[in-house]
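Written out below as structure tokens is the structure these notes cover.
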Amino acid sequence: MPLAFEAFQLPGGIIGNRVNSIAQDSTGFLWFGSHGGLHRYDGQRFKTYKHDRADPNSISSSYIECLLVDPQGKLWIGTYGWGLNYFDPATETNRRFLCNPADPTTLGNDAVTALAADLDGHLWVGTVEGLSRLDLRTGKFTRFRHDPDDPASLGHDAVKALWVDREGTVWVGLGQALNPNQPEGGLCRFDPKTGGFVCYYEDPGDPKKLGNHKVRAFLEDRKGNFWIGTSEQGLYQMDRDSETFTSLHDTGIALKKAAPMPDAYGHTSTIYEDQDGKIWIGGVYAGINCYDPATGDVRHYDSETPGSVMFENNFVWQIFQSSDGTIWVATAGVGAQVLKRAPQKEWSTHFSFARRFPAVQWVNDLLPDRQGNRWIGTDGQGILTFNEKNELIGRYRHDPTDPRSIASDQIAALHEHSDGSIWVIYKELEFPQPLLLDRLDPATGQVRHFAYRENQLDLPTAWNWPFYRSMYEDAEGGLWIPSLGHGLIHFQPQTGVFRAFRQDPRNGTGPTNDLLWDLCPDG
1 MPLAFEAFQL
11 PGGIIGNRVN
21 SIAQDSTGFL
31 WFGSHGGLHR
41 YDGQRFKTYK
51 HDRADPNSIS
61 SSYIECLLVD
71 PQGKLWIGTY
81 GWGLNYFDPA
91 TETNRRFLCN
101 PADPTTLGND
111 AVTALAADLD
121 GHLWVGTVEG
131 LSRLDLRTGK
141 FTRFRHDPDD
151 PASLGHDAVK
161 ALWVDREGTV
171 WVGLGQALNP
181 NQPEGGLCRF
191 DPKTGGFVCY
201 YEDPGDPKKL
211 GNHKVRAFLE
221 DRKGNFWIGT
231 SEQGLYQMDR
241 DSETFTSLHD
251 TGIALKKAAP
261 MPDAYGHTST
271 IYEDQDGKIW
281 IGGVYAGINC
291 YDPATGDVRH
301 YDSETPGSVM
311 FENNFVWQIF
321 QSSDGTIWVA
331 TAGVGAQVLK
341 RAPQKEWSTH
351 FSFARRFPAV
361 QWVNDLLPDR
371 QGNRWIGTDG
381 QGILTFNEKN
391 ELIGRYRHDP
401 TDPRSIASDQ
411 IAALHEHSDG
421 SIWVIYKELE
431 FPQPLLLDRL
441 DPATGQVRHF
451 AYRENQLDLP
461 TAWNWPFYRS
471 MYEDAEGGLW
481 IPSLGHGLIH
491 FQPQTGVFRA
501 FRQDPRNGTG
511 PTNDLLWDLC
521 PDG
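Numbering (our numbering), first residue to last: 1 to 523.
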């Protein structure tokens, strides 16, 4: 079955679509670090953050090299030449960390190439001139550099990859992978007992040594296998107990030679394990290999593969999977783009309301949220919320004695707002109150009511009993609600103000008809 990749357009033109890193935070927002700024995507809309010389709170550069979401949900942003940023998505505040050559407790270099958080409260920052470790409690850095006279020092100053394994060991990939004039590099692990590094170098006479010492990518999969991606010699697995390496050149898993690269196995730029346990390997001018450990099957995809549509080039830079199962691919070079592949599995093969909730006769709306949960709006039984395991995690019913409950059990439509709240429209409410909106906070279960009455326009009503069935959110967070009978209604949650757009036969303004069924935004 071919991969159904499709092109995904980010804001900012060519530089805005040159993406170096992709991450997702705990609220479900996707973050794309590009040459033209930081893009936040909520599933419908983008917001782009750029450097602003007049705003010291802005990110330090619009050229973003790497991203990391820490366990507290904060976003760390590595820029190429302008240091490190600590961004709080909730408050949209930013703190910059820059190199001061006169202060050894600052960042070692402003060209940041890799980020990783360890298990002891440190952030490790790779740069083109060494490795820095930030103590998150004190805000102070410790610098590590290569010293040719010290075998326990960092093996090379150019850091390209960082990984913290499940035991807490920090692994460092070294070397200018795409620079043939600088052949040095290496693989190192940090030894917390000595404060130094153990380094692994190539040894042509020992097949159990690392075959090429420029390391660009790491992965520790769910079975504990440790994958290492190199330039020129492809892919390895490391047995960390015996400290030996196994080349995957002849297994079919490693990426093969692809023009115009002269080397045999290409440059492995990214290794990623998806939710199903498949291993995705991306390379420079080499496309993608998707390896299924359960079956041993390997599938290769590039611009020449039938069915793998929309690849402009084979320069694969990063692969990432969001919580909803979508695979994202960022390519580089000429024709750089972002690609997405929709999940290839259904949420549930069968769900029986008759067995679990016999009172539910009709379902009017189904809403998947950014957390992977499903909200089900019923006709007469309120709202049911299930997680991905089909476990009931929430139930919302109307209680006439409780003004804090939802307004009705007859749900017409559900919408997840960009702020994470759930908005509810109801199927039938007593005339003359044609529209009642509820804002539901999933974290607290609290409900807030917003009522709209058709009293500001002296116009005939197309239907005596208006009907609502959908919502659309615009870039400012406003809600647009089409109706059968009362035209188009706009609601601004920040102000609580409703505005109606109705057909007016007296002057020909407004919609051509007040019987509106749905909305579709343009480009």
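No residue lacks a Cβ here, since even glycine has one placed at the ideal position from N, Cα and C. These numbers were taken from a predicted model, which means no experiment stands behind them.
Count the other CB atoms, across all protein chains shown, that sit within 10 Å of the CB of residue i; report buried if there are 16 or more and exposed otherwise.
i, result
"Tyr201", "exposed"
"Arg370", "buried"
"Lys278", "buried"
"Trp280", "buried"
"Gln361", "exposed"
"Gln446", "exposed"
"Leu392", "exposed"
"Phe475", "According to the sequence shown, residue 475 is Ala rather than Phe. Ala475 should be labelled exposed."
"Gly185", "buried"
"Val164", "buried"
"Leu524", "There is simply no residue 524 to check, as the chain begins at 1 and stops at 523 in what is shown."
"Glu6", "exposed"
"Pro432", "Low confidence applies here, because Pro432 scores a pLDDT of 46, under 50, leaving its location unreliable and the question unanswered by this model."
"Ser408", "buried"
"Pro148", "exposed"
"Thr378", "buried"
"Gly335", "exposed"
"Ala54", "exposed"
"Trp465", "Model confidence at Trp465 stands at a pLDDT of 46, short of 50, so the residue's coordinates are unreliable and nothing is read from them."
"Gln456", "For Gln456, the pLDDT reaches just 42, beneath the cut-off of 50, and the residue's location in the model is therefore unreliable, leaving the point undetermined."
"Pro482", "buried"
"Ser242", "exposed"
Residue j and residue i - do their beta-carbons sit closer together than 8 Å?
i, j, result
"Asn100", "Glu129", "no"
"Ser418", "Asp88", "no"
"Lys208", "Thr244", "yes"
"Ile78", "Leu115", "With the sequence shown as reference, residue 78 is identified as Gly, and Ile is not the correct amino acid for it. Closer than 8 Å, so yes."
"Val284", "Phe315", "yes"
"Leu210", "Leu235", "no"
"Leu255", "Ala286", "yes"
"Gly478", "Phe491", "yes"
"Trp31", "Leu98", "no"
"Phe141", "Thr93", "no"
"Leu440", "Tyr396", "yes"
"Arg216", "Lys160", "yes"
"Thr270", "Trp317", "yes"
"His524", "Gly175", "Given that the chain is displayed from residue 1 to residue 523, the structure contains no residue 524 and the question cannot be resolved."
"Tyr452", "Ile425", "no"
"Ala342", "Val19", "no"
"Gly282", "Phe218", "no"
"Val298", "Gly224", "no"
"Trp423", "Asp438", "yes"
"Val125", "Leu107", "yes"
"Val69", "Gln9", "no"
"Gly12", "Thr48", "yes"
"Ile327", "Asp274", "yes"
"Arg469", "Gly487", "no"
Between the Cα of residue i and the Cα atoms of the options, which residue gives the shortest distance?
i, options, result
"Arg272", "Ser21, Thr194, His415 and Ala7", "The residue you asked about is not Arg; residue 272 is Tyr in the sequence shown. That would be Ser21, whose Cα lies nearest to the Cα of Tyr272."
"Ala111", "Ser61, Pro104 and Pro403", "Ser61"
"Thr113", "Gln24, Phe501, Ile327 and Trp82", "Trp82"
"Ser132", "Pro148, Asp157 and Val298", "Asp157"
"Tyr80", "Lys340, Asn225 and His35", "His35"
"Ala412", "Trp375, Gly33 and Glu391", "Trp375"
"Glu304", "Ile288, Gly296, Val19 and Ala332", "Ile288"
"Gln72", "Ile64, Ala90 and Asp55", "Ala90"
"Asn390", "His415, Asn373 and Cys290", "Asn373"
"Gln494", "Asp274, Arg469, Ser421 and Leu488", "Ser421"
"Pro442", "Phe450, Tyr426 and Ile406", "Ile406"
"Glu416", "Asp402, Pro368, Phe450 and Gln410", "Pro368"
"Pro403", "Thr27, Phe450, Phe357 and Lys47", "Phe450"
"Asn364", "Lys427, Pro358 and Trp328", "Lys427"
"Arg240", "Glu220, Asp206 and Gly229", "Glu220"
"Phe46", "Cys290, Gly16 and Ser26", "Gly16"
"His64", "Glu388, Asn57, Asn85 and Pro56", "The question names His, but residue 64 in the sequence shown is Ile. Out of Glu388, Asn57, Asn85 and Pro56, Asn85 has the C-alpha closest to the C-alpha of Ile64."
"Asp276", "Asp324, Thr246, Val198 and Asp206", "Asp324"
"Phe320", "Cys66, Asp52 and Thr401", "Cys66"
Spell out a yes or no on whether the stretch 118 to 125 and the stretch 153 to 170 are touching, meaning 3 or more CB-CB pairs, one atom from each, closer than 8 Å. yes
Can you find at least 3 beta carbon pairs, one from the stretch 146 to 166 and one from the stretch 189 to 204, that sit closer than 8 Å? yes
Just to confirm the assignment: which complete beta strand (DSSP E) runs, minimum length 3, are found wholly within the stretch 184 to 229? 185 to 191, 196 to 200 and 215 to 220
Touching by the beta-carbon criterion (3+ pairs, under 8 Å), the stretch 378 to 389 and the stretch 38 to 58: no
3-residue-minimum beta strand (DSSP E) runs that sit fully inside the stretch 137 to 181, ordered along the chain: Runs found: 140 to 144, 159 to 164 and 170 to 175.
So within the stretch 400 to 432, which uninterrupted beta strand (DSSP E) runs reach at least 3 residues, ignoring any that extend past its ends? 411 to 416 and 422 to 426
Quick check for students: name the residue ranges of the beta strand (DSSP E) that lie wholly in the stretch 60 to 98, counting only runs of 3 or more. 64 to 69, 75 to 79, 84 to 88 and 93 to 97
Threshold first: 3 residues or longer. Then list the beta strand (DSSP E) segments lying entirely within the stretch 266 to 309, N to C. 267 to 273, 279 to 284, 287 to 292 and 297 to 301
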